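Here's the structure we're looking at; comments come further down.
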Amino acid sequence: MNSSLDNIIAKKTSHDVGVLIFQYLNDIEPLIQQSLTAAKLKDFYRLKGKYNKGRFVCPFHSGADNPTSLSLNDDKRNFHCNACGKSGTYLEFIMFMQNISGKNNYNDAKIFAANNFAGLNLGFNSIADFEQKLKDKILERYHKTNSLRYTDYYNIWLLPERYFSYTAESQGRQCQGEEQQIKPSLEVSPSNSTNKPGFILEALDLEMTIRHHKAQNIIDNGITDYDKAIQDAKNSKLINDFTQNADKLNSVDKLSDFMSKKYNIDIDTALRYGLIYFDKASQKQLYYSDFFMLNDRVLFPVQDHETGIVVGYQCRQTDLNAPKQYKYLNVTDYQDNLTANKNGTAFRNFVPFKPGNFLFNLYELKNKCINALWITEGIADAIKLSCMGYDAVSPGQANLTDFHIYLIDKYFGKDVVINLFFDNDDHKVGQSKSIAAAYRLWQFGFRNIRIISTFKELGKDITDCSVKLHDDNMLRLLISLWEKQAYSFTPASNEDLNTLLKTGLYTENEIMCIDPRDINQMTNFAEAIVKHIDLKDMTYQQLAVLKKLCCFREEEIKILFNLSTKDYHDMQDTDETETAIKENSNINAGNAQEERNVEENLINISKAQLFHLKKRFDLDLIKKIDNECSRKQIAAIVGNIIKNKDFDVWDYIPKNESYHSSTGIAPITAVLDDGNFTPVYDDVSIPF
Numbered sequence: 001m002n003s004s005l006d007n008i009i010a011k012k013t014s015h016d017v018g019v020l021i022f023q024y025l026n027d028i029e030p031l032i033q034q035s036l037t038a039a040k041l042k043d044f045y046r047l048k049g050k051y052n053k054g055r056f057v058c059p060f061h062s063g064a065d066n067p068t069s070l071s072l073n074d075d076k077r078n079f080h081c082n083a084c085g086k087s088g089t090y091l092e093f094i095m096f097m098q099n100i101s102g103k104n105n106y107n108d109a110k111i112f113a114a115n116n117f118a119g120l121n122l123g124f125n126s127i128a129d130f131e132q133k134l135k136d137k138i139l140e141r142y143h144k145t146n147s148l149r150y151t152d153y154y155n156i157w158l159l160p161e162r163y164f165s166y167t168a169e170s171q172g173r174q175c176q177g178e179e180q181q182i183k184p185s186l187e188v189s190p191s192n193s194t195n196k197p198g199f200i201l202e203a204l205d206l207e208m209t210i211r212h213h214k215a216q217n218i219i220d221n222g223i224t225d226y227d228k229a230i231q232d233a234k235n236s237k238l239i240n241d242f243t244q245n246a247d248k249l250n251s252v253d254k255l256s257d258f259m260s261k262k263y264n265i266d267i268d269t270a271l272r273y274g275l276i277y278f279d280k281a282s283q284k285q286l287y288y289s290d291f292f293m294l295n296d297r298v299l300f301p302v303q304d305h306e307t308g309i310v311v312g313y314q315c316r317q318t319d320l321n322a323p324k325q326y327k328y329l330n331v332t333d334y335q336d337n338l339t340a341n342k343n344g345t346a347f348r349n350f351v352p353f354k355p356g357n358f359l360f361n362l363y364e365l366k367n368k369c370i371n372a373l374w375i376t377e378g379i380a381d382a383i384k385l386s387c388m389g390y391d392a393v394s395p396g397q398a399n400l401t402d403f404h405i406y407l408i409d410k411y412f413g414k415d416v417v418i419n420l421f422f423d424n425d426d427h428k429v430g431q432s433k434s435i436a437a438a439y440r441l442w443q444f445g446f447r448n449i450r451i452i453s454t455f456k457e458l459g460k461d462i463t464d465c466s467v468k469l470h471d472d473n474m475l476r477l478l479i480s481l482w483e484k485q486a487y488s489f490t491p492a493s494n495e496d497l498n499t500l501l502k503t504g505l506y507t508e509n510e511i512m513c514i515d516p517r518d519i520n521q522m523t524n525f526a527e528a529i530v531k532h533i534d535l536k537d538m539t540y541q542q543l544a545v546l547k548k549l550c551c552f553r554e555e556e557i558k559i560l561f562n563l564s565t566k567d568y569h570d571m572q573d574t575d576e577t578e579t580a581i582k583e584n585s586n587i588n589a590g591n592a593q594e595e596r597n598v599e600e601n602l603i604n605i606s607k608a609q610l611f612h613l614k615k616r617f618d619l620d621l622i623k624k625i626d627n628e629c630s631r632k633q634i635a636a637i638v639g640n641i642i643k644n645k646d647f648d649v650w651d652y653i654p655k656n657e658s659y660h661s662s663t664g665i666a667p668i669t670a671v672l673d674d675g676n677f678t679p680v681y682d683d684v685s686i687p688f
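As structure tokens, this is what we get:
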């Protein structure tokens with residue numbers, strides 16, 4: 001079989017099976033569970049016994065004849081045999097009766113129950129049958145068209161139409177390098193040709209989403225991320241060192257000096273929150289005295305919300321001029337084995353701590369009845385707000401995970417006012433991330449969401465402002481003002497989001513970071529751009545410039561293009577727009593040649609990986625990835641892109657240089673400036 005066709009089949013199957021398992025089957029599970037009753041199981045499997053008592057002869061052990069040994073309980077939806085001890089849920093009963101095994105046994109049991117008990121008639125009998133039927137349809141299409149374009153197979157679909165309408169656009173966005181639009185094909189049904197929006201801001205079930213995440217954790221690693229983090233923390237030699245010997249390991253004078261200068265936080269507050277300044281002089285007291293990665297760092301301990309135990313440290317570098325040092329490290333433990341670097345020198349690495357399952361300061365607030373919860377990007381900002389009397393937590397990064405949102409709902413409910421107080425930085429990373437977090441919160445049912453920012457001239461975050469003011473009373477007045485000026489978040493309409501998405505300039509993740517107040521202006525200008533410019537052959541840099549133009553206000557655009565007000569309003573109807581944008585975007589043939597030269601000199605990045613990297617990053621950043629990342633890290637980055645994950649590439653790149661990928665511009669960064677607050681850990685769980 002043609003290798004390209006094999007790739008299409010594999011890619012399409014992987015995508016559709018993912019939708020089947022993690023979306024469709026979980027959505028219909030309530031119907032399946034309702035359909036599974038003792039009466040139906042008795043009739044289907046012809047169980048002998050006393051139905052009125054829910055007791056039957058066990059079908060599992062040989063020689064069974066006791067009509068009361070097996071019990072079926074509709075309240076708990078489970079079974080148990082007193083004789084052989086076999087027990088489980090009703091779905092597991094079906095698994096045993098049908099001899100369903102293998103890695104998809106639970107989902108295959110759901111499919112069997114849907115067809116035979118819930119009357120849904122799915123059209124396939126198992127995951128394997130689903131894959132085969134999908135493959136047959138692809139081959140049938142191929143024999144008619146001989147097409148090797150992945151987009152020509154999008155609308156082959158075995159699930160209900162609503163899943164197609166939501167995921168077809170998703171497939172298109174994942175393959176921007178191949179095609180921009182979903183092409184019409186030979187088998188489009190009338191129902192699929194309606195003008196439905198390709199983007200739908202769906203309401204999501206938080207409990208179900210977390211259950212999906214946990215299930216995927218177990219499938220991938222045999223344990224949930226949260227349980228693994230607790231397990232690692234309890235076994236951590238490093239955490240034991242610092243909890244048992246904090247007084248000996250902490251350089252209190254240096255801690256006091258750093259926290260005062262950098263954050264305007266006094267030493268008593270720092271010690272109350274368990275902060276530790278670790279310098280090289282304390283190394284000999286560690287379990288592994290050859291571990292040097294924490295030298296000259298302040299350690300912020302993160303506690304488990306359930307038990308209060310320390311699950312990891314966010315370790316902040318105090319000297320940004322130190323060569324080849326990450327600004328932030330999230331650390332759980334030492335690695336027992338030594339690792340060789342590129343120069344062959346052996347060193348002891350660390351076991352990373354992933355903060356996505358924990359919120360700093362939640363343990364202190366979880367039993368408190370609060371009206372407004374402040375969420376800051378940085379941990380130090382949460383400490384500063386807390387010591388001033390505000391109820392504040394921090395994810396320790398410019399992002400809220402679904403599990404973070406789950407914790408907020410669990411302890412404070414959906415009616416709590418959420419004050420998203422991320423950094424107001426020059427590159428708008430914090431503010432765009434707060435918009436993305438607000439969208440996700442909204443999808444999970446939160447309606448009291450406010451986005452708050454500092455006066456940029458005073459500082460990008462609360463601690464910056466505190467250092468400049470050195471007056472907490474004045475700072476409280478400013479916080480009150482910022483709170484009154486807060487943006488009460490309301491999402492853009494599906495129609496507006498879909499209109500912007502269809503311009504081809506933005507991915508779904510990108511439009512979810514756009515302030516809804518700017519959506520109409522950006523849509524109008526994006527439509528004007530794509531009307532006159534073919535985006536298909538554009539480089540990443542050129543697209544980035546066009547996106548930046550879309551963010552400009554009307555006055556900025558008029559100045560940039562030297563337009564009158566009338567010219568501005570007429571610009572989408574004039575061919576001069578194309579010339580103006582091209583001139584100001586530096587689009588020329590030389591860029592293409594430069595791009596080819598760079599690609600030919602890449603060492604660690606394969607052509608297949610480069611294809612995906614170019615969808616997300618400019619050439620300068622790709623060169624940096626090639627030079628400074630291991631092949632395992634590159635595979636992880638590409639895996640994130642393929643899975644359309646929202647991630648920060650700087651989690652994988654040493655941060656000794658000041659550079660941000662969204663602009664390609666290297667800002668001037670002060671020694672103690674936090675910049676984009678995203679700590680480092682390597683996610684090597686993606687098999688690519």
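In full-length UniProt numbering, the protein residues as written are 1 to 688. Backbone N, C-alpha and C fix where the C-beta goes; we use that ideal spot for every residue, glycine too. Since the model is a prediction, treat every value here as computed from it, not as a measurement.
The C-alpha of Ile28 is placed about 41 Å away from the C-alpha of Ser606. Leaving aside the five residues that flank Asn245 on each side, the residues in its chain whose CB is nearer than 8 Å to its CB run, in chain order, Gln285.
Below 8 Å, enough C-beta pairs join the region 519-530 and the region 491-499 to call them touching: three or more. With a cutoff of 9 Å on beta-carbon distance, Ala109 and Leu122 are scored as not near each other. For Arg348, the enclosing beta strand (DSSP E) starts and ends at 346-352. Non-local beta-carbon contacts of Ala38 in its own chain, meaning distances under 6 Å to residues more than five positions away in sequence, involve Gly54, Leu72, Asp74 in chain order. Within the DSSP secondary-structure output, Phe358 pairs in no beta bridge.
Looking at the DSSP output, Asn73 bridges to Asn78.
The alpha-carbon separation between Leu249 and Lys645 amounts to approximately 39 Å. Restricting attention to alpha helix (DSSP H) runs no shorter than 4 residues, the region 493-528 encloses them at 494-501, 508-511, ordered along the chain. Shown here, Ala340 sits in a strand according to DSSP, grouped into three states.
Excluding the 5 residues flanking it on each side, Asp415 has same chain C-beta neighbours closer than 7 Å at Asn448, in chain order.
Bounds of any alpha helix (DSSP H) do not take in Tyr313; it lies within the beta strand (DSSP E) bounded by 310-317. Under the 10 Å beta carbon count, Cys465 is surrounded by 16 or more other beta carbons and is classified as buried.
In this structure, the beta-carbon distance from Thr307 to Asn357 does not fall below 9 Å.
Taking Asn82 as the centre and dropping the five residues before and after it, the same chain places the C-beta of Ser69 closer than 6 Å to its C-beta, in chain order. A residue is called buried when at least 16 other Cβ atoms come within 10 angstroms of its Cβ; Asp65 does not meet this threshold and is exposed.
In the structure shown, the three-state DSSP call for Leu249 is helix.
Trp442 carries a helical assignment under DSSP once its states are collapsed to helix, strand and coil. In terms of Cβ geometry, Leu469 and Leu478 form a close pair [threshold 9 Å]. Asp129 and Ser453 have their alpha carbons spaced roughly 53 Å apart. Relative to Leu36, the option among Thr490, Lys76, Asp425, Val298 whose CA is nearest is Lys76. The beta strand (DSSP E) runs lying completely inside the region 359-400 and spanning 3 residues or more are 372-376, given in chain order. The beta carbon of Leu159 lies closer than 6 Å to those of Tyr24 in the same chain, with the five residues before and after it left out.
In this structure, the beta-carbon distance from Cys315 to Leu329 falls below 9 Å.
Taking C-beta atoms as the reference points, Phe353 and Ala229 count as a pair closer than 9 Å.
Runs of the alpha helix (DSSP H) lying entirely within the region 445-471, each at least 4 residues long, are 462-469 in chain order. Distance from the CA of Asp391 to the CA of Ala380, rounded to the nearest whole angstrom, comes to 14 Å. The region 47-62 makes no contact with the region 3-22: fewer than 3 CB pairs, one atom from each, lie closer than 8 Å. In the DSSP assignment, Thr89 is bridged to Asn78.
Under the three-state reduction of DSSP, Ile418 is assigned to strand. Annotated as proximal: Phe300 and Phe360, with beta-carbon spacing under 9 Å. Following the DSSP letters along the chain, one finds Val298 inside the beta strand (DSSP E) bounded by residues 297-303.
For the 9 Å CB-CB criterion, Phe444 and His213 do not form a contact. Distance from the CA of Ile156 to the CA of Ser4, rounded to the nearest whole angstrom, comes to 17 Å.
The beta carbon of Ile383 sits closer than 7 Å to those of Ile265, Thr269, Tyr273, all from its chain and outside the five residues before and after it, given in chain order.
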